[in-house]
Amino acid sequence: MIESLTLHDWDPAAALPYAAGGLDTLFAELRDTAPVHRQPGTAGTPDIWLVTRYDDCARVLKDAASFGSERGNGLSTLLGGGDPAGGMMLAVTDGERHSALRKLIMRAFTPRFIDTMRERVARDADDRVARYIDSGATDFARDISDLVPVTVICDMFEIPPGDRAELLELTGSALSADHESDAAAGNSAKGELLFYFADLIESRRGRGDDSLLGLLTSETVQGRPLSDEEIMVNCYSLLLAGDETSRLAISGAVAALIEHESQWEALCSGAVSVDDAVEEVLRWTTPTAHAARTATVPAELGGHRVEPGDIVTVWKLSANRDERQFTDPFTFDLGRSPNRHLSFAHGPHYCLGAFLARMEIASVLTALRNRVRAIEFRDHPEPLYSNFFHGYRTMPVELIPR
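In this text, residue positions in the sequence shown follow the working numbering: the first is 498, and each later residue adds one.
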């Protein structure tokens, strides 16, 4: 854990502070004194707007007409020149095309699919927790958190079981480098994922069923079929977003429950509901630290004039700790209600798979509550090195049975 940062020594695009901590004090100061702050660029990079209060963050996320996603939705992407998938991939598409593409993808979430997944995820989570009870130290992040969400995503794409371990490894490499790794490794993993989906698309084209790939390869959006490139980037996005968000929240939940014993006791006793606990886990862990937007029109934000082309970053890590929205926001309270966190964003880009993520987190919490008496750290968890995702890469713990 590093000491609290100041604006002078914080680079919003750097990965280390997100892993090492130290942002809570800085964000609290910004919320109080400069809730919409223009951070000067460095080394030829443009200035960046930092938005830290809940209401301002929610407004930017909701107003896609003024603050667009098509150039990219992450700070590093925007500073690197923009996202080449803009206008093709759901997460970086706005307007009518975004609505049409989202509507098509949502058709894959049929009642039959949801019911099947609910049973499958609950069984899978329980089996995995049972497997590692009383086995000494286990890496909860790798052995449980990583594998429960990937089951759902792979089932959506009907990915063969033999391919799933490799895909999980590639998603981790694509999104979560460590401080010693070369960025080339992440780029290589992204390329391998895209090639994998290219082959998968070719093998599934023309089936015309109601699976996700069946819909993407056979239906039209705004009167025309999706190109192979459009299908590939959307498969890639859905795999990474659906896997990473849930697994970071699940691992973060375990760390929080170890550190807040009274909340573990409340969960186990039934004093708090699993559904309420899931919402607090999502608020507390905030798996994506920020969302980035580009101003498309002149706009007023927090008393400042934002010009077209300006980069605007919405700090969900800060919004989810805003004292103006949450009572005692630095208290981990599984019974918190209301709990209108921004972990799934807000407005048109509200997380497509939010209900799946909630299902996955709830299943793991339920399995822990039913089978585990206590959870203890067996080593220090290793943080994720990312300026976009927020959480733990490893979580060495011992699960002590009831």
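Here a beta-carbon is modelled for each residue, glycine too, at the ideal position from N, C-alpha and C.
Residue i burial status per 10 Å Cβ neighbour count (16 or more: buried)
| i | result |
| --- | --- |
| K600 | exposed |
| M729 | buried |
| T530 | exposed |
| T648 | buried |
| A562 | exposed |
| V861 | buried |
| E699 | exposed |
As assigned by DSSP and simplified to three states, the class of residue i
| i | result |
| --- | --- |
| M498 | Note on M498: pLDDT 49, under 50, position unreliable in the model; no value is reported. |
| E820 | coil |
| I808 | strand |
| G577 | coil |
| I747 | helix |
| T863 | helix |
| D725 | helix |
| V803 | strand |
| E895 | strand |
| T792 | Just to set this straight, residue 792 is Ala in the shown sequence, not Thr. Reduced to three states, the DSSP call for A792 is strand. |
Length of the line joining the Cα atoms of residue i and residue j
| i | j | result |
| --- | --- | --- |
| D636 | V894 | 6 angstroms |
| D461 | L572 | Residue coverage of the chain in this structure runs from 498 to 899, which leaves residue 461 outside it and unanswerable. |
| D624 | I641 | 10 angstroms |
| Q536 | W546 | 6 angstroms |
| R556 | P898 | 46 angstroms |
| E762 | A582 | 46 angstroms |
| D560 | G592 | 11 angstroms |
| G711 | E741 | 24 angstroms |
| R780 | F886 | 14 angstroms |
| M586 | H846 | 12 angstroms |
| M653 | T828 | 36 angstroms |
| A859 | C765 | 13 angstroms |
| T871 | A746 | The identity of residue 871 in the sequence shown is Ala, whereas the question assumes Thr. Computed Cα separation, rounded: 19 angstroms. |
| P543 | D807 | 8 angstroms |
| A671 | L881 | 12 angstroms |
| L504 | E526 | 10 angstroms |
| L598 | V718 | 6 angstroms |
| T613 | A662 | 22 angstroms |
| E655 | P722 | 21 angstroms |
| L713 | N570 | 23 angstroms |
Cβ-Cβ separation, residue j to residue i (assumed contact under 8 angstroms), whole Å
| i | j | result |
| --- | --- | --- |
| A786 | L814 | 5 angstroms |
| A816 | T782 | The Cβ separation is near 14 angstroms, so there is no contact. |
| R550 | D819 | 6 angstroms |
| V533 | L798 | 5 angstroms |
Any alpha helix (DSSP H) of 4 or more consecutive residues that is wholly inside the stretch 512-600: The stretch 512-600 is shown to contain whole alpha helix (DSSP H) runs of 4 or more residues at 513-517, 520-530, 551-559, 572-576, in chain order.
Where are the alpha helix (DSSP H) runs, 4 residues long or more, that stay fully inside the stretch 594-649, in chain order? Counting only runs of 4+ residues, the alpha helix (DSSP H) found wholly inside the stretch 594-649 occupies 608-629, in chain order.
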